Amino acid sequence: MSRPRVFLVDDHELIRSGIRAEISSQVDLVGEADEVDAAIELILERLPDVVLLDVHMPDGGGLAVLCAVSGRAPDVRFLALSVSDAADDVIGVVRAGARGYVTKNILGPDLLDAIYRVYDGDVVFSPRLAGFVLDAFSAGTGGPTPTGVDPDFEQLTPRERQVLRLIARGYIYRDIAQQLDISTKTVESHVSSVLRKLQLSNRHQLTNWASERRLT
Amino acid sequence: MTSSPNSPLPILGVPQRPLRRSTSSPLIGGVCAGLATRLGVRELTVRVVASLTALFFGVGLLIYMLAWLLVPRWGEDRSVAQRLVGARRETHLILFALLPVLLVLLALGRFARRGGGVAVWPVLLAGVALVAIWFGSSREEKGHLHEVVNAAPILGSSSSHGWRALAWRFVPAVVLLVIGLETLRRIGGIWGGAVPAVLGAGALAAGGAILLAPWWLDSVRDLSRERRERVRVEERAKLAAHVHDSVLQTLTLIEKAAHNPAEVTRLARAQERELRQWLFSPEGTTRHDEAGESFAEQLRRIESDVESDYGVIVELVIVGDCPADSHVTALTGATREAAINAAKWAGVARVSIYGEVEPTAISVYVRDTGVGFDPERVADDRHGIAQSIVARMNAHGGDATIHSVVGEGTEVHLALSRAAAAS
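If you read the protein sequences in the order shown, they are chains B and F.
Using this note's numbering, the letters of the first sequence map in sequence onto residues 1 to 216.
Using this note's numbering, the letters of the second sequence map in sequence onto residues 1 to 423.
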């Protein structure tokens, strides 16, 4: 497998050097940026395979970079990195088109794994993110969470629910495939379909849900 | 048939019977709104007509008061007047209340003869009617009147501080107003001297105000800027105190423990959790006792306790939440044991806990990817802990399944049906 070309966006030098140390032996690091404008310019110039994107930055944060780039360079994939697991952040960047969301305390090998999976076109859901999504979609089942039921709010299939639950329980895709007796590719397609539903679903309801819960 | 609490609203062109005072959109007594419904016209139209006729020697005012006294409120079967006649005790009270009113009336009568003209009489009669209405109205209507009084500009703000405060403000103000009016009258009649005097005084005040306005505005602006500044300084002091108390201390500890990675991780995680709690939790919320906590709160407490006591990272995911009764507390108790078990024996740095509350069931999974064990041949100490988890769940109508493979890890599944939890 070819090495992915990775671009790193984070406004903290300390974090950048830490991530650099963890991944530089396994990927081609093609550039770094510490602010939104420079990041947009350099990403459009170098067209990396995967952008590791900090969610919290001055001048609009990772969301601004995502929105500016995804229209002009649709092949660039984004993996969001954040110190926080706050529901607002997660929902925001995933809806804007990030292919995955991991927290910065992720261990080195797991981060590399996530980069490679995004590079392969897969979606990376952290256990916490899987929990959020289950929570958000439990609206339609009469669960105790969000307000009202939106007919536009697409529901998850039982299989997708199962997969998300296993992710939330800490299983990796290979183990999930084994548990459910399906192929890893099928697991990945379930997760991609969940991501699509998340991106299509009613924005208002999701933000409502997120701000109500104030999950941190 | 029970009457609805809200009277019907006017429908244009459709007269609705019977005539009742409105409870759905009354301004004062609900007379105009009620009349609008009865006639099928806009409320505003009736109100404008009433106000105009009130100017005409107070005719509108008197009719309004009469209607207030004689027309029952929507949903009530007797009018204010009928109530008054019915309740003898109240009638006495009114006679007592009328005495001072009559005195004032006579005193002002002199005034009326000299300058005020005929308009004074309707106002006084309306005052008498108001006293009667106050005593004759139903409990609900009294509540509404309280609201009206509270919304009025002069009475409102202070009636919330009690009637005594109102009296302290009201009596001197009225005395001063009367003195002022009397003085103006003495200057030489309303049109001869009073109006020019008032105009002159007003012009003087306005001129002075314009001259002094920049200075006054500046000082007001300074004041609010100063207040903002003070708030900001206080915020900064609070933040600095917190950073000093916890973050700096932790960093010092981390420096000292640099040779011990597990300890560093533990300190960093604990500090991270505390800071997060401080930053994101709403102002003033503190941790409750275990008894008052919800399912999710109990799990979060387990996360922080196990992390700080055993130096592992607990990956906690919660979907849904519910209040904790004794069954739920037993479930979280078993969760705690399972998590501690994994932290102590699995030999890995990460333990996953997943808790989900569904309409019919609550389930918790505690998982590690550590050494695992063979359920057939377990060491005695581990056996004991596993048994205690199972026994505890069974005692509360739940289930515990322990699944473990040597070299791959262990997963404990705890399940509790909510029907059992509710019974």
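Glycine included, every Cβ here is placed at the ideal spot set by N, Cα and C.
In this text, all values refer to a predicted model and were calculated from it rather than measured experimentally.
Exercise. So, are the CB atoms of Thr335 of chain F and Leu414 of chain F less than 8 Å apart?
Worked result: yes
Exercise. Quick one, are the C-beta atoms of Val124 of chain B and Gly92 of chain B less than 8 Å apart?
Worked result: no
Problem set entry | CB of Leu98 of chain F within 8 Å of CB of Val128 of chain F, strictly | yes
Problem set entry | Cβ shell of Cys32 of chain F (< 7 Å), same chain only, five flanking positions each side left out | Glu43, Val46, Arg47 and Ala50
For this session: Could you pull out every residue in the same chain whose Cβ sits closer than 6 Å to the Cβ of Gly347 of chain F, ignoring the five residues on either side in sequence?
Result: Gly370 and Val371
Exercise. For the putative contact between Val319 of chain F and Leu134 of chain B, defined by C-beta atoms under 8 Å, what is the C-beta separation to the nearest angstrom?
Worked result: 5 Å
Exercise. Taking the DSSP output, what are the residues bridged to Arg144 of chain F?
Worked result: According to the sequence displayed, residue 144 of chain F carries His and not Arg. Partner(s): none; His144 of chain F has no beta bridge.
Exercise. Thinking just about the alpha-carbon of each residue, which of F:Leu12, F:Leu184 and F:Ile28 is nearest to the one in Trp134 of chain F?
Worked result: F:Ile28
For this session: With a cut-off of 8 Å on the beta carbons, I'd call Arg20 of chain F and Trp74 of chain F a contact; round off their distance for me.
Result: 4 Å
Exercise. Taking the continuous alpha helix (DSSP H) assigned at Phe132 of chain B, which residues delimit it?
Worked result: Pro127 to Phe137
Exercise. In the DSSP assignment, what residue or residues form a beta bridge with Ile318 of chain F?
Worked result: F:Gly355
Exercise. Fully enclosed by the stretch 62-117 of chain B, which beta strand (DSSP E) runs are 3 residues long or longer?
Worked result: 77-82 and 100-103
Exercise. Is Pro58 of chain B helix, strand or coil when you go by DSSP?
Worked result: coil
Exercise. Does any residue of chain F bring its CB to less than 8 Å from the CB of Asp135 of chain B?
Worked result: yes
Problem set entry | Contacts of Glu315 of chain F in chain B (Cβ-Cβ under 7 Å) | Pro127 and Gly170
Exercise. Residues of chain F with CB under 8 Å from Ala130 of chain B, in chain order?
Worked result: Val317
Problem set entry | chain B contacts from the stretch 299-311 of chain F (Cβ-Cβ distance under 8 Å) | none
For this session: For Gln298 of chain F, count neighbouring C-beta atoms within 10 Å of its own C-beta (all shown protein chains included) and say buried if the count is 16 or more, exposed if not.
Result: buried
For this session: Assign Pro10 of chain F to buried or exposed, taking buried as 16 or more other Cβ atoms, counted over all protein chains shown, within 10 Å of its Cβ.
Result: buried
Problem set entry | Among B:Val9, B:Gln155 and B:Ala130, nearest to Glu356 of chain F - alpha-carbon criterion | B:Ala130
Problem set entry | Which listed residue (B:Asp59, B:Ser126 and B:Ser84) has its alpha carbon closest to that of Asp34 of chain B | B:Asp59
For this session: Can you give me the Cβ contacts of Ile40 of chain B inside the same chain, cut-off strictly under 7 Å, excluding the 5 residues immediately before and after it?
Result: Val65, Ala68 and Val69
For this session: Report buried or exposed for Gly207 of chain F, applying the criterion of at least 16 other Cβ atoms within 10 angstroms of its Cβ.
Result: exposed
Exercise. In terms of residue numbering, what span does the alpha helix (DSSP H) encompassing Ala21 of chain B cover?
Worked result: Glu13 to Ile23
Exercise. Is Gly18 of chain B close to chain F, meaning its C-beta is less than 8 Å from at least one C-beta of that chain?
Worked result: no
Exercise. Using the beta-carbon of each residue, which ones in chain B are nearer than 8 Å to Ser352 of chain F?
Worked result: Pro127, Arg169 and Gly170
Problem set entry | Straight-line Cα distance separating Arg186 of chain F from Pro15 of chain F | 54 Å
For this session: Go ahead and pull the three-state DSSP assignment for Gly409 of chain F.
Result: strand
For this session: Quick one: measure Cβ to Cβ for Ala400 of chain F and Met393 of chain F, integer angstroms, because I've assumed they're closer than 8 Å.
Result: 4 Å
For this session: Compute the beta-carbon to beta-carbon distance between Ala73 of chain B and Ile43 of chain B, rounded to the nearest angstrom, for a pair I have assumed lies under 8 Å.
Result: 7 Å
For this session: Return helix, strand or coil for Ala415 of chain F, following the three-state DSSP convention.
Result: strand
Exercise. CB-CB under 6 Å to Asp11 of chain B, same chain, minus the five flanking residues each way: which ones, in chain order?
Worked result: Asp34 and Met57
Exercise. Are the beta-carbon atoms of Arg367 of chain F and Gly170 of chain B separated by less than 8 Å?
Worked result: yes
Exercise. Would Phe137 of chain B be called buried (16 or more neighbouring beta carbons within 10 Å of its own) or exposed?
Worked result: buried
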